[in-house]
Amino acid sequence: MNTETNKETDKKVLTYKGTIIEIGDAVQGETWIKQDFTIRTNETYPQLVNFLTFNDVQDQLTRCKIDDDVTVFFNAKSRKFNNKWYTEITAWRIIINFNKK
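For the sequence shown, position 68 (counting from the first letter as 1) is numbered 128 according to the working numbering, and the numbering increases by one without interruption.
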């Protein structure tokens, strides 16, 4: 995982590079659409990371396919419900890396 500091907000920009290994089915509501996908990271010890996309980012995901090498920019947030913690990793940009070596 890579991080960069956004000077305007002092927040870290979180990114992962990896290969798409799974793309879930899109789920559509009245005013929204969401879809998840999973990558295998390009690290010494690869990790599987599942991301959620919404609306315009889901449109970016429609351009991707299994085995595409991608860079994913994301936010992570957690919430507590019924004394259990739930974490959501939401992609806000997906870049297909066509120069994969």
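Where a beta carbon is used, it is the ideal one built from N, C-alpha and C, also for glycine.
- Element boundaries [alpha helix (DSSP H), containing Gln120]: Sequence index remark: in the sequence shown, residue 120 carries index 60 (1-based). Its alpha helix (DSSP H) spans residues Asn115 to Leu121.
- Item | Closest residue to Asn152 among Tyr146, Trp145 and Ala136 (Cα-Cα distance) | To locate residue 152, count along the sequence shown from 1; it is residue 92. Contrary to the premise, residue 152 reads as Trp rather than Asn in this sequence. Comparing Cα-Cα distances from Trp152 to each of Tyr146, Trp145 and Ala136, the minimum goes to Ala136.
- Cβ neighbours of Ile155 in the same chain (closer than 7 Å, five flanking residues each side left out): As a working mapping, residue 155 is identified with position 95 in the sequence shown. Closer than 7 Å at the Cβ level, and outside the excluded window around Ile155, lie Val130 and Thr131.
- Item | the segment 111-131 / the segment 140-147 touching (three or more Cβ pairs under 8 Å) | no
- Item | Spatial distance of Ile80 from Val73 (CA atoms) | Taking the first residue of the sequence shown as position 1, residue 80 is located at position 20. Taking the first residue of the sequence shown as position 1, residue 73 is located at position 13. Between Ile80 and Val73, the C-alpha separation is close to 20 Å.
- Item | Cβ neighbours of Asn115 in the same chain (closer than 7 Å, five flanking residues each side left out) | As a position in the sequence shown, residue 115 is number 55, starting the count at 1. Around Asn115: Trp92 and Ile93.
- Beta-carbon separation of Ile220 and Ile126 under 8 Å? Outside the shown range of the chain, which is 61 to 161, sits residue 220, and nothing can be said about it.
- Message: Using the three-state DSSP reduction, which class does Phe158 fall into: helix, strand or coil?
- Response: Residue 158 sits at position 98 when you count from the first residue of the sequence shown. Residue state, collapsed to three classes: coil.
- What does Gln95 pair with, by DSSP beta-bridge criteria? Within the sequence shown, numbered from 1, the residue matching residue 95 stands at position 35. In the DSSP output, where bridge partners are listed per residue, Gln95 has Thr113.
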